[in-house]
Amino acid sequence: MKRFLAGLLVFVMMFSLVGCGGESAAEENASGEAEGSEVASEEVEKEVFNELHLGYDLSWTQTLDIMFETHGETNLTAAQIAQPLIGQNASTGEMYPLLLTKMPEYDEDSLTYSFELRDGVKFHDGSALDSDDVIASICRIYNPENPSSWQAMIGFDILGSEEYSMGEADVIEGLKKIDNTHFEVVSTSNNVVFIQHFAAPGVVIYPSDLDESTWGTEVYIGTGPFKLESFEPGSRVVLSKNEDYYSDEPEIDQIVIDHMVNETALLEFEAGSIDFVLSLPDDSVIIDTYRNDPVFSDMLLEFVQPGVVALSLNTSFEPTSNVKVREAIDAAINREEIANKLFGGIVEPAYGLIPPGVLGSTDDYPNLYDPEKAKALLEEAGYPDGIELTWTLGNTDDTKIAEYLQQDFKKSNISINIEIVDTAALSDLRGSHQILKFGWIGVTDPSDYAHLYSSVVAAIISSYYTDETTDEWIAQGKLIFDEAERDAFYKDMEQKLIKEAFMYLPMFHPKGYSLVSDRLSDVDVNDYNKIFLNAKVAE
Amino acid sequence: MINYIISRLSQTIIVLIGVTLITFLMVNIVPGDPVKTMLGMRYTEEMAQKLNEKYGYDQPLPQQYLNFVKGAVKGDFGESISKKVDVVDLLSNSLKVTLKLAIRAFIVGTFFGVLIGVLAAVFHNSIFDRLLMTTSIFGISIPPFWLAIILQIVFGLYLRILPISGIRSPASFVLPTITLALGVAPFLSRVTRASVLEVISEDYIRTARAKGVREFWVITKHVLKNASISVVTVLGLLIKALLGGAILVESVFSIPGYGKLAVEAVLMRDIPVIQACVVYGAVIFVLANLLVDIGYGLLDPRIRIAKGV
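Protein chains in written order, with the numbering used here: chain A, 1 to 539; chain B, 1 to 309.
Spelled out as structure tokens, the structure:
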């Protein structure tokens, strides 16, 4: 009997080991937080009335320091904590003062923007926001020792920023403090998009005295509607309401964000464990499933996601160096069928890089699909028997477009070999690709898409199309303030580079889809700075 | 025993040098520049040059390897290129998670694998035996990622009795543990069955029965102990398989573990993380092999004396 009981005890202990470590895991996580985090509060024991539970891929969120992170998920998380000077609606492009009393005033003669900080804005540690914090934050982006990822995005449009980033100057000449709430920024040119730099997700304002050794991992404070309670890199972020927020106090008390891959997030959403799925995969089967589901159809949210997916053809060697060959490939792409059949209507056909609704958009072209024309053009180009091309894809790329075109291109005497390599090898092979698919999600300003025509980007995406006027053209576009003039200018650019030179072959403009549970309301998916500011969670 | 352990551990250093050198050479030979991969569309020559200087990739390869060794000896593997955080912190957090999962799966998988194997052998050629072995074939054949998704849907979505993902609660370990254990138990059950069948027909077992020893003690005390050598050998292999299998399970259950970290590091050519993963992985494998060898010695005194354990 004793032996039987001993055996039974061993049996029970073995099964309890499956579960008991979970508690110790939670304890260890808590102690790990306590060891490393200066701002992690005690495990929340106060009553939480409204908690929002989110789930998305946090595997790349090893730091919340948005100046060194460009992943969308990290952007969304960090935007609740730290803010830029100016906010922007992603679908309309409309900018508004966030940390400012009003949009900056501009003096065209001196190329100077005058900023006035809003009164009463405090960081989460209680210190007041002032001009020194703004200047220090912008300098941090151009730090010569450790430049921010956003430096390449916003360029050197601030006077003296390039010299500072090279270590040739101790200060950025174009940043001038007037007093604690007033400062000036001098541009290098009369640049219409200059002010957008201050709305960029990574150009946020931090306290000037931050500790670099712990910033973003153990300590992360800003002026946002939510403050950081705890952060487990790659695993979980907990935010709590900023009760001293300078604007409307958030309705939600706490936001818990757990790491989960997209497919798992969908299951969790269906099970009711999370309230919001940021972005559904580009799969019409999944989207149609939710669209047609009586329970989830009302929870599916479609939003504008300005962007484009296009092909880049290498113009540095035959046959794609020949403009007629590029035109032939363009004529072989059935954009309407790709959008409506292959993607089931969840994307829109694209005939230019600039998406609909943005100045310069050229989407009013008829369907140019014409396999016979493609064959004739190839014959004219000296390829009467057609051409054979290699299309290189990354292992994380969706292959369905390539497979679809591989079949459809046969009607145009174009034979495609699909080659799949891993992401790193894909980067390394740049320059030798014949065909490369690329995508760009941008803002609602045409210059954001025009930069894809620059010689630098053309080299990155293996186009190598060079026209000595293109870079000047791109710079010229930023100097035009009149909207009608800008519209005509970028239409002209797209006409010449897309419709005549076939530098890139646009395919489609993606749409964005999120899932928002019925207990969550007033979510603004078009503005990360405000996405959960007014959101409410029903009990 | 102590001398044997020290001797085995000292061999670990040679293993680590070999493994890291081979990994270093492979990572530098295969296509894929880590800085280009990290910068992506934000690539400029100036940024690339700064980053290459920062991470030491502008230096000759032998110097790069020496720098790595100097750092590794001090426990410093540098900063992750893609995630910009200290590699040791990154790896420790992920390894803790994976080891918790792997240990649970190991215990559950071993228990059921051995139990099923023994029962199948004891009831050899019966319907029960055939049923158990057929089930083990299914277990070996089922892809772990498919099983993981099915378990999520059934227990997490439809029945709602277990969490679908994460490792936030004791219950959240159940589904990943079952998935991983099912990669271990079927194979182990077949090995155990074969091993037990071999021993159960031995003369000393017949003697024990003739002496009137109860069948339970014949099996557990005499048969199992002698059949364990083969089982322990397989267990050593399965420890390594568990760590490998954890990659798929971690992806499906969104567990931020070692496997996922290693795969992401390879895809991004995050050299500091790759090298650290290799070092940590090699140490785990060496320790696993050492445990297996010690296990042999404990089970069979003849092996203990011969090996000097």
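Ideal Cβ placement from N, Cα and C applies to all residues, glycine included.
Quick one: residues in its chain with C-beta nearer than 6 angstroms to the C-beta of residue i, no 5 flanking neighbours on either side, listed in chain order?
| i | result |
| --- | --- |
| G477 (chain A) | S447, A450 and F489 |
| S65 (chain B) | In the sequence under discussion, the amino acid at residue 65 (chain B) is Tyr, which differs from the Ser named in the question. Around Y65 (chain B): F24. |
| Y164 (chain A) | Y142 and I172 |
| Y246 (chain A) | G120 and V121 |
| V309 (chain B) | Residue placement at V309 (chain B) is flagged as unreliable, the pLDDT there being 47, under the threshold of 50; a coordinate-derived value is accordingly withheld. |
| V516 (chain A) | F276, M299, L301 and V523 |
| S187 (chain A) | L111, D157 and F194 |
When you compare the CB of residue i with every CB in chain B, is at least one pair closer than 9 angstroms?
| i | result |
| --- | --- |
| M507 (chain A) | no |
| M503 (chain A) | no |
| G234 (chain A) | yes |
| E27 (chain A) | Bear in mind that a pLDDT of 35 at E27 (chain A), under 50, signals an unreliable position, so the model cannot answer this. |
| Q151 (chain A) | yes |
| I195 (chain A) | no |
| V203 (chain A) | no |
| G72 (chain A) | no |
| I354 (chain A) | no |
| G160 (chain A) | no |
| R140 (chain A) | no |
Would residue i pass as an interface residue toward chain A - the criterion being a Cβ-Cβ separation below 9 angstroms?
| i | result |
| --- | --- |
| V309 (chain B) | Residue confidence for V309 (chain B) is low, a pLDDT of 47 falling below 50, so the modelled location carries little weight and cannot support an answer. |
| S141 (chain B) | no |
| D89 (chain B) | yes |
| I239 (chain B) | no |
| N93 (chain B) | yes |
| S312 (chain B) | This structure leaves residue 312 (chain B) out entirely; chain B is present only between 1 and 309. |
| E264 (chain B) | yes |
| R130 (chain B) | no |
| Q152 (chain B) | yes |
| V279 (chain B) | no |
Given a threshold of 16 other Cβ atoms within 10 Å of its Cβ, counted over all protein chains shown, does residue i qualify as buried or as exposed?
| i | result |
| --- | --- |
| D282 (chain A) | buried |
| D408 (chain A) | buried |
| A208 (chain B) | buried |
| R160 (chain B) | exposed |
| G109 (chain B) | buried |
| A210 (chain B) | exposed |
| F115 (chain A) | buried |
| N413 (chain A) | buried |
| V73 (chain B) | exposed |
| Y453 (chain A) | buried |
| Q495 (chain A) | exposed |
| N529 (chain A) | buried |
What three-state label does DSSP hand residue i in the structure shown?
| i | result |
| --- | --- |
| R8 (chain B) | helix |
| I81 (chain A) | coil |
| W473 (chain A) | helix |
| R236 (chain A) | strand |
| I205 (chain B) | helix |
| A90 (chain A) | coil |
| T390 (chain A) | strand |
| D129 (chain B) | helix |
| Q407 (chain A) | helix |
| E38 (chain A) | Residue placement at E38 (chain A) is flagged as unreliable, the pLDDT there being 34, under the threshold of 50; the coordinate-derived value follows with that caveat. The answer is coil: DSSP assigns E38 (chain A) none of H, G, I, E or B. |
| Q525 (chain A) | The question names Gln, but residue 525 (chain A) is Val in the sequence shown. Coil at V525 (chain A), not helix or strand. |
| D258 (chain A) | strand |
| I414 (chain A) | strand |
| Y158 (chain B) | helix |
| K241 (chain A) | strand |
Ignore the nearest five residues each way along the sequence and tell me which others in residue i's own chain have a CB closer than 7 angstroms to its CB.
| i | result |
| --- | --- |
| S195 (chain B) | A227, S230 and V231 |
| I461 (chain A) | S312, L436 and F438 |
| D370 (chain A) | A331 |
| G236 (chain B) | A288, N289 and V292 |
| F226 (chain A) | Q80, I81, L239, S240, K241, N242, P250 and I255 |
| P506 (chain A) | V308, A310, A350, Y351, G352, L353 and I498 |
| S127 (chain A) | P207 |
In its own chain, which residues sit with a C-beta less than 8 angstroms from the C-beta of residue i, not counting the 5 before and 5 after it?
| i | result |
| --- | --- |
| K225 (chain B) | L299 |
key: Residues from the stretch 239–271 of chain A in contact with chain B, defined by Cβ distance under 9 angstroms   = D258, H259, M260, V261, E263, T264, A265, L267, E268, E270 and A271
ask   = Listed in chain order, which residues of the stretch 241–259 of chain B have Cβ atoms closer than 9 angstroms to some Cβ of chain A?
value = S251, V252, F253, S254, I255 and P256
Residues from the stretch 72–89 of chain B in contact with chain A, defined by Cβ distance under 8 angstroms = S80, S82, K83, K84, V85 and D89
Positions along the stretch 428–449 of chain A whose CB lies within less than 7 angstroms of some CB in chain B = D428 and L429
message = Output needed in chain order: residues of the stretch 154–169 of chain B with a Cβ under 8 angstroms from some Cβ in chain A.
response = G156, L157, R160, P163, I164, S165, G166, I167, R168 and S169
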